[in-house]
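Below: one structure, written as structure tokens.
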Amino acid sequence: MTNRESPGPGRPRLPGDPRRGGQPSRAAPTRSARRPMPGTASPTPQRQPAQGPHEAPTEPIAAAPRSAGARRRGGPSGNGAATVRRERQRRRRRGIRVLLVLALILLPFVLAVGWFAYQLRPGSDGPPVRFEIESGMGTSEVADALAEAGVIDSALAFKLWSTLTGAGPFEIGVYELHEGQGIRDAISALDKGPERQPDYKLLLPPGLTVQQIAERVGQIPGKSAERFLAAVNSGTIRSKYQPAGQSSLEGLLFPDTYFIGSDESEESIARRLVARFDEIADRVGLASAGSPYDAIVAASLIQTEAKLAEDAPLISAVIRNRLAEGMPLQIDSTLCYARAQTTGSGCPPPPTDADKQISSPYNTYQVAALPPTPISSVTEASLAAALAPADVPYKFYVIADENGKHAFATTLAEHERNVAEAREKGLL
Numbered sequence: 001m002t003n004r005e006s007p008g009p010g011r012p013r014l015p016g017d018p019r020r021g022g023q024p025s026r027a028a029p030t031r032s033a034r035r036p037m038p039g040t041a042s043p044t045p046q047r048q049p050a051q052g053p054h055e056a057p058t059e060p061i062a063a064a065p066r067s068a069g070a071r072r073r074g075g076p077s078g079n080g081a082a083t084v085r086r087e088r089q090r091r092r093r094r095g096i097r098v099l100l101v102l103a104l105i106l107l108p109f110v111l112a113v114g115w116f117a118y119q120l121r122p123g124s125d126g127p128p129v130r131f132e133i134e135s136g137m138g139t140s141e142v143a144d145a146l147a148e149a150g151v152i153d154s155a156l157a158f159k160l161w162s163t164l165t166g167a168g169p170f171e172i173g174v175y176e177l178h179e180g181q182g183i184r185d186a187i188s189a190l191d192k193g194p195e196r197q198p199d200y201k202l203l204l205p206p207g208l209t210v211q212q213i214a215e216r217v218g219q220i221p222g223k224s225a226e227r228f229l230a231a232v233n234s235g236t237i238r239s240k241y242q243p244a245g246q247s248s249l250e251g252l253l254f255p256d257t258y259f260i261g262s263d264e265s266e267e268s269i270a271r272r273l274v275a276r277f278d279e280i281a282d283r284v285g286l287a288s289a290g291s292p293y294d295a296i297v298a299a300s301l302i303q304t305e306a307k308l309a310e311d312a313p314l315i316s317a318v319i320r321n322r323l324a325e326g327m328p329l330q331i332d333s334t335l336c337y338a339r340a341q342t343t344g345s346g347c348p349p350p351p352t353d354a355d356k357q358i359s360s361p362y363n364t365y366q367v368a369a370l371p372p373t374p375i376s377s378v379t380e381a382s383l384a385a386a387l388a389p390a391d392v393p394y395k396f397y398v399i400a401d402e403n404g405k406h407a408f409a410t411t412l413a414e415h416e417r418n419v420a421e422a423r424e425k426g427l428l
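Each residue of the sequence shown is one higher than the last, beginning at 1 in the numbering used here.
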């Protein structure tokens, strides 16, 4: 039996030491002492509640120390802040994409509205335009004619504005408008009605001579071909493209449809035809030609020779190439004009070999030059072809089919083969 040593007077009694003899004490749980961190105060011991005689001693519950990197409650952690930033960037990119899509959708609409508003701008008071609305012309045809005459810039904008405002249909008749007048002003002028109701229609197809035009004027009741010719030959009516010293208005009366009032004079009719020619000549840039009058003469030859629009620039090239080499043009339509000048009867019938011997400056079989004047009225297309001949070396042409198509050649041998084929087809 082992004797227990009682603690000496200087030895402290440990918790759990037996206080009653013969009974071993229950060992209390041990706990390593927590040393205070350097520079920190020792934790103040907390008061322990009184323990019952049979309860194990309890220890105070220490608060969990806050980690060094901890933030305030509710604040995002480092990973949370990055997530927020990424979300904001995603929202920003998504917003930019939405704006771009909206811009792409709205841009055509904005451009269309801007274009339409520009077309409705106030017009200018340009040169006068005598505008005629014929029977059967609806708003669409009027819009196209106004754009062609230079009164408005866009036929489409005119049609849209007319639909929006309910303008039209417009009365048949003659209107005094202006180039560049603009859509709103033009509609306002058309809504007021024509200057007067036309009494007669004068239809002048292209390719007519002054004499033939006078005959058509003379067919209008109350009008005289002789008075018309007198006005044309008086020298008081002139085109801006008429050279000094040239009194003839041949080729300077524009072919078109004109509405004639019963009280309109022959001189007034002639002035209208000349003014219309100058208007068209300005539009095609005739003034830019080296010799505008020579271009009109060439255009009259093209007008009488080309039956199809596609042949016009090619015939223009033949005229240019032959003149450049000093070759006579040998154009049959000039023989018709020469015959009319000498005998009073033109074509038909077709010119003969005897006509090639006519002594006349219009006989291009004898004279290697352009005729002294145009030989007929000309269209805008013929003027344009005279100003811009095709870039080809052709010097000959002959009829090739019943539709009026021509066969072109560079050499005489090629031309003779084309002539033989035309004879076989019965075209010559």
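For every residue, glycine included, the Cβ atom is placed at its ideal position computed from N, Cα and C.
Of Ala312, Ala275 and Pro243, the smallest CA-CA separation from Thr373 is found for Pro243.
Ala82 and Phe109 have their alpha carbons spaced roughly 41 Å apart. Only exposed fits Ala324, as fewer than 16 other CB atoms lie within 10 angstroms of its CB. Leu249 is classed as buried because its beta carbon has at least 16 other beta carbons within 10 Å across all chains shown.
By alpha-carbon distance to Gln219, the top candidate from Val378, Leu203, Thr163 and Leu412 is Leu203.
Rounded to the nearest angstrom, the Cβ distance from Val274 to Ala384 is 20 Å, too far for a contact under 8 Å. Taking the Cα positions, Ala155 is about 20 Å away from Pro194. Secondary structure of Pro128 (DSSP, three-state): strand. Looking at Gly182, Ile172 and Ile260, the one whose alpha-carbon comes closest to that of Leu146 is Gly182.
The count of Cβ pairs closer than 8 Å, one atom from the segment 119-138 and one from the segment 169-189, reaches three, so the stretches are in contact. Minimum Cα-Cα distance from Lys201 among the listed residues Ala189, Ile260, Leu253 and Tyr394 corresponds to Ile260. At a Cβ-Cβ threshold of 7 Å, Gln341 and Tyr365 do not count as neighbours. Excluding sequence positions up to five before and after Ala309, its CB lies within less than 7 Å of the CB of Ala381, all in the same chain and listed in chain order.
In this structure, Tyr362 places its C-beta atom within 7 Å of the C-beta atom of Ala338. Sequence-distant Cβ neighbours of Val419 in its own chain, meaning closer than 6 Å and more than five residues away, are Val398. Annotated three-state conformation of Ala186 is helix, per DSSP.
By the Cβ test, the segment 263-280 is in contact with the segment 228-236, since at least three Cβ pairs between them sit closer than 8 Å. For the pair Ala368 and Gly326, the CB atoms are nearer than the 7 Å cut-off. With contacts defined as CB atoms closer than 7 Å, Ser300 and Ser239 fail to qualify as a contacting pair. Cβ atoms of Gly180 and Gly150 come within 8 Å of each other, at about 7 Å.
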